[in-house]
Amino acid sequence: MICRQCLRASAGNLIPISSRTRVVSIRQTRALTSSPILTSPPTSSTATSSAQSLSATPPPSSANASADIKARPKPSSKTITRSTVPAGTPLKGLALMVNQPDPVAMEDREYPDWLWDVLTPKEKETAEGGSRGDEYLRSKKQRRAAAKIARREALANPEGVAPKIPIYEQSVDLPAGDGSVDGAVAAGLAREGLSAAMRDKRRAAIKETNMLKKMGAF
Amino acid sequence: MPKAPELSFEQMAQSVSPTSHYPPTQPPSHKPPEYRKSQLLRQYTSLLRSTPLMLLWQHNNLRAIEWMSIRRELSVALAKVDAQLSTPENPISYAPAIKLQIVKTNMFKPALKIVHFYKPDALATDPELASSAQMPHARLPPDDPSWTHSLSRNAHTKTFRKKLPQGMETLLTGPVMLTSFPAVSPQHLAAVLSVLSPSKDFPAPKKRTRPSYYDAHVQSGLQKLFLLAARVDGKVFDEAGVKWIGGIEGGLDGLRAQLVGMLTSIGSQLTNTLDSAGRSVYITMEGRRMAMEEEQKGGNGEETSSS
Chain A
6 MICRQCLRAS AGNLIPISSR TRVVSIRQTR ALTSSPILTS PPTSSTATSS AQSLSATPPP
66 SSANASADIK ARPKPSSKTI TRSTVPAGTP LKGLALMVNQ PDPVAMEDRE YPDWLWDVLT
126 PKEKETAEGG SRGDEYLRSK KQRRAAAKIA RREALANPEG VAPKIPIYEQ SVDLPAGDGS
186 VDGAVAAGLA REGLSAAMRD KRRAAIKETN MLKKMGAF
Chain B
3 MPKAPELSFE QMAQSVSPTS HYPPTQPPSH KPPEYRKSQL LRQYTSLLRS TPLMLLWQHN
63 NLRAIEWMSI RRELSVALAK VDAQLSTPEN PISYAPAIKL QIVKTNMFKP ALKIVHFYKP
123 DALATDPELA SSAQMPHARL PPDDPSWTHS LSRNAHTKTF RKKLPQGMET LLTGPVMLTS
183 FPAVSPQHLA AVLSVLSPSK DFPAPKKRTR PSYYDAHVQS GLQKLFLLAA RVDGKVFDEA
243 GVKWIGGIEG GLDGLRAQLV GMLTSIGSQL TNTLDSAGRS VYITMEGRRM AMEEEQKGGN
303 GEETSSS
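Those protein sequences? They're chains A and B, same order as listed. My numbering puts the first residue of the first sequence at 6, with every later residue one more than the last. My numbering puts the first residue of the second sequence at 3, with every later residue one more than the last.
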C-alpha cells in the first residue's frame, strides 16, 4: 500500500531540509508520500507539495525517529482526520495493473484500524530486553540473555519447569479427603475432573479417527 | 592433598536444580499411568479413602433412561432432606455430593486391597511432609520403597496376593453400583433407602406428593436394583446393619442424645438404688421411733391417769 521509498522518505524526517526536498523532488513522479501532516507541520509543508498523498500514517520504526515518536500523541479517536487526501480523490499512479483505473481515496473510517498504527514500533516485552521467543533469535547476545532469564526463572520456581502432564496421564494420588465433609466433596470434584478429562480425550480420539476414515486414511 | 572445589554462593544457598527424572505429578507407576485401568485405580482409591459411608448395589441391565429417572428422584429426595436439616447458621448440602456410580469390580478389588492393607507411614503423617517428600527422591528407581503412592510398585507388590477384606469377598462379583456419601448421615441414608429400596421401615414417597416416582421408568429400574451391603468407616454392614444405621432417629446427634439419656438414666437408677437402702433404714428407724414414742406416751398417760 505504501511504497518502500515513501517509507524511507518519511523515516528520514530528521535529515536536513535541503536533502529532503531533493528526495521529494525525485519522488515527484511517484506522486505519493506518507509523511505525517497533522502532527509535524514543518515537514508537512514539503510533503504536501507533492501532488498526491495517500494518508498521514504514523512514522515508521527507525532508530533516529524514536525521539520524535515519543513526543507525538497517539491516534486515539476515530473522528480525527488522519488522511491528507479528502475522500473521493483519485490517487494517480497507484494502480497496480496497467489497464486498471486509479484507486479512489476512501473515508478514514473505511480503512481498517490496524492501518493507522502499523508503523508504530512495538514496545519491548520485558525490562530485561527479551521475551521467551528471543531464545530463537539470530542474535547470539539476545539468545544468551533470554537463556539467562529462563535459568533464573527455573531456579526460582522449580515446579514451573517440570513438564505439564495432563491429569489422565498422572500417577500421583488423587486427593483423598481429610476426614471432613469439605475434604470429601473436594476429592469427589477431583475425581469428576479426571473422568471429564478422560471422556474429552476419548471423544477427541473418536473424532480424529472418524475424520481420518472419511479421508480414506484407514 | 587436593583442595575441594570452592562452592559458589548459589550452590551453598540452594540445592541442585531438581531436574527430576520423574515429574512431580507422574511418579513411577507399576502399570503405565496412561492406561484407563491405572486411572480407575486412582479414582477408586480416592473414593474409598474419602467416603465414610457407601452403599453397594447390584444392578441388572438398567437402561440409560432408567438410571436418569432414578437419579432425578434421588436428587429431589435428598434436596428435601438437606432443606430439613440445614439451619440458617449451619447450611447442609450433601445432596450434590451423594452420587450413584457404577464401578468396575476388577479394578475396585485392587483399590480396596490397597486402601485396606497398604498404609505407608508417609500418608499417615502430615500432608506437608508427604508433598515435600516427593521431590528429593525423584531420581530413584521405580521399585524403591520410598515411592508410596497408590499406583506405585510397592503398593502393588504388597497387596496383590492378599485376599479381599472380610465381608467383601462375595460382594464384588457381577455388576456393582455404589452410592457414596460425603459424611455418615443417617437421615440421608434413610432418604436413599426409601427411594432405591423402599420397605416397611423406609416407605417410598407417596404418590400424591411425588407422582413422578411412580413413572414406569423409575419403577422398572428399581426392580433391577438390589442392595448388597454398606461400607461404613472401613467396616462392612449387611442389609440389616444398613437399615439399623438408616433408622437412627435424629441422625448422629440423635444417637448422642440417646447415649446421654442412657447414661443419665443409669445414674439416676444407681442413686435410686443406693438411696433406697438408706431410705428403708430411715423408714424402719422412723417407724420404730414413732412406735417407741407412742409406747412412752402410753406409759406416761397410764402414769398420769393412775396418779
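Glycine included, C-beta positions come from ideal geometry on N, C-alpha and C. Quick caveat, the model's predicted, so the values are computed rather than measured.
Margin query: Rounded to the nearest angstrom, what separates A:GLN175 and B:SER152 at their Cα positions?
Written below: Roughly 12 Å separates the two Cα atoms.
Item checked: Which residues DSSP lists as bridging A:ARG156, in chain order -> Answer by DSSP bridge pairing: none, since A:ARG156 is not bridged.
Notebook entry, point to check: Pick from B:VAL262, B:GLN221, B:ARG51 and B:LEU57: whose alpha carbon is nearest that of B:SER71?
Noted result: When each option's Cα is compared against that of B:SER71, the closest is B:GLN221.
Margin query: Here's the rule: buried if 16 or more other CB atoms are within 10 angstroms of the residue's CB, otherwise exposed. What is B:ASN156?
Written below: Burial call: buried.
Next item on the list: Thinking B:ALA167 and B:ASN62 are a contact (beta carbons under 8 Å), I'd like their distance in whole angstroms, please.
Entry: Correcting the residue identity first, residue 167 of chain B is Pro in this sequence and not Ala. Contact flag wrong, Cβ pair sits at about 25 Å.
Checklist line | B:VAL197 to B:PRO34 span [Cα, whole Å] | finding: Rounded to whole angstroms, the gap between the alpha carbons of B:VAL197 and B:PRO34 is 41 Å.
Next item on the list: Taking B:LEU191 as the reference, give the member of B:PRO25, B:ARG65, B:HIS23 and B:LEU102 with the closest Cα.
Entry: The option with the nearest alpha carbon to B:LEU191 is B:LEU102.
Margin query: Let's see if you can read the secondary structure: which residues bound the alpha helix (DSSP H) around B:GLN41?
Written below: Note, B:GLN41: alpha helix (DSSP H), 38 to 52.
Check: With which residues is B:ILE104 paired in a DSSP beta bridge?
Finding: The partner list for B:ILE104 (beta bridge, DSSP) reads B:MET179.
Next item on the list: Given a cut-off of 9 Å, decide if B:GLU241 and B:LEU254 are closer than it, judged by their beta-carbon atoms.
Entry: Contact flag unset, no.
Notebook entry, point to check: Just reading off the beta strand (DSSP E) that B:GLN60 is part of, what are its end residues?
Noted result: Membership of B:GLN60 in the beta strand (DSSP E) is indicated by the continuous run 55 to 61.
Item checked: Contact set between B:GLU2 and chain A, taken where Cβ atoms lie within less than 8 Å -> Nothing in the structure corresponds to residue 2 of chain B, since chain B is present only between 3 and 309.
Note to self: Checking 9 Å against the spacing of the C-beta atoms, do B:LEU50 and B:ARG233 come in under that value?
What the structure shows: It is a contact, given that the beta carbons lie within the stated cut-off.
Checklist line | Nonlocal neighbours in the same chain, by C-beta distance under 7 Å from A:ALA181, ignoring five residues either side | finding: Answer for A:ALA181: ALA192, listed in chain order.
Notebook entry, point to check: Applying the criterion that 16 or more other CB atoms from any shown protein chain within 10 Å of the CB defines a buried residue, is B:GLU295 buried or exposed?
Noted result: By the 10 Å Cβ count, B:GLU295 comes out exposed.
Margin query: Taking 9 Å as the threshold (beta carbon to beta carbon), is A:GLY221 in contact with chain B?
Written below: Not a single CB atom of chain B sits nearer than 9 Å to the CB of A:GLY221.
Note to self: Can you tell me whether B:LEU229 is helix, strand or coil according to DSSP?
What the structure shows: In this structure, B:LEU229 counts as strand in the three-state DSSP scheme.
Next item on the list: Please confirm whether B:PHE228 and B:SER182 have their CB atoms less than 9 Å apart.
Entry: Not a contact, by the Cβ cut-off of 9 Å.
Check: At least one CB of chain B closer than 9 Å to the CB of A:VAL123: is that the case?
Finding: A:VAL123 does not count as touching chain B.
Notebook entry, point to check: Going by the CB atoms, is the gap between B:ALA185 and B:PRO54 shorter than 9 Å?
Noted result: Yes, these two residues count as a Cβ contact at 9 Å.
Checklist line | Check whether A:MET203 and B:GLN41 have beta carbons under 9 Å apart | finding: Contact flag set, yes.
Next item on the list: Determine the contact status of B:PRO147 and B:LEU43, defining contact as a CB-CB distance below 9 Å.
Entry: Contact flag unset, no.
Checklist line | Opening and closing residue of the beta strand (DSSP E) in which B:VAL238 lies | finding: Residues 237 to 239.
Note to self: So, for A:TYR173: in the same chain, excluding its five sequence neighbours on each side, which residues have a beta-carbon less than 7 Å away from its beta-carbon?
What the structure shows: Contacts found: LEU199, ALA202, MET203 and LYS206.
Note to self: I need the DSSP call for A:SER67, collapsed to helix, strand or coil.
What the structure shows: Since pLDDT at A:SER67 reaches only 42, below the 50 mark, its modelled position is unreliable, and the value read off the structure follows with that caveat. In the three-state DSSP reduction, A:SER67 falls in the coil class, being neither helix nor strand.
Margin query: Below 8 Å on the Cβ atoms is my contact criterion, and I expect A:GLU158 with B:PRO26 to pass it. Report the Cβ-Cβ distance as a whole number of Å.
Written below: No, A:GLU158 and B:PRO26 are not in contact; Cβ-Cβ is about 17 Å, not under 8 Å.
Next item on the list: Rounded to whole angstroms, what's the CA-CA distance from B:LYS115 to B:GLN271? Just pull it up for me.
Entry: The alpha-carbon atoms of B:LYS115 and B:GLN271 are separated by roughly 47 Å.
Checklist line | The alpha helix (DSSP H) enclosing B:LEU191, as first and last residue numbers | finding: For B:LEU191, the enclosing alpha helix (DSSP H) begins and ends at 188 to 198.
Check: Rounded C-beta distance between B:MET179 and B:ILE104? I'm assuming under 8 Å.
Finding: Contact between B:MET179 and B:ILE104 holds: their C-beta atoms lie close to 5 Å from each other, under 8 Å.
Note to self: Considering only the alpha carbon of each residue, which of B:ILE247, B:ASP235 and B:PHE110 lies closest to B:LYS39?
What the structure shows: For B:LYS39, the closest of B:ILE247, B:ASP235 and B:PHE110 by C-alpha to C-alpha distance is B:PHE110.
Notebook entry, point to check: Quick one: what does DSSP say B:PRO112 is sitting in, helix, strand or coil?
Noted result: Here DSSP, grouped into helix, strand and coil, assigns B:PRO112 to helix.
Notebook entry, point to check: Nearest to A:PRO117 by CA position, among A:LEU101, A:PRO126, A:ARG87 and A:LEU99, is which residue?
Noted result: Among A:LEU101, A:PRO126, A:ARG87 and A:LEU99, the Cα nearest to that of A:PRO117 belongs to A:ARG87.
Check: Relative to chain B, which residues along the segment 161 to 184 of chain A have a C-beta separation below 7 Å, given in chain order?
Finding: Going along the segment 161 to 184 of chain A in chain order, one finds PRO163, GLU164, ALA167, PRO168, ILE170, TYR173, GLU174, GLN175, SER176, VAL177, ASP178, LEU179, PRO180, ALA181 and GLY182 with a Cβ nearer than 7 Å to chain B.
Checklist line | Under 9 Å between C-beta atoms of B:LYS160 and B:TYR120 | finding: Taking 9 Å as the Cβ cut-off, B:LYS160 and B:TYR120 qualify as a contacting pair.
Item checked: Environment of B:GLU297 [buried if 16+ CB atoms lie within 10 Å] -> Classification of B:GLU297: exposed, given that the 10 Å Cβ count is below 16.
Next item on the list: Assign B:VAL262 to one of two classes, buried (16 or more other C-beta atoms within 10 Å of its C-beta) or exposed (fewer than that).
Entry: Exposed is the call here.
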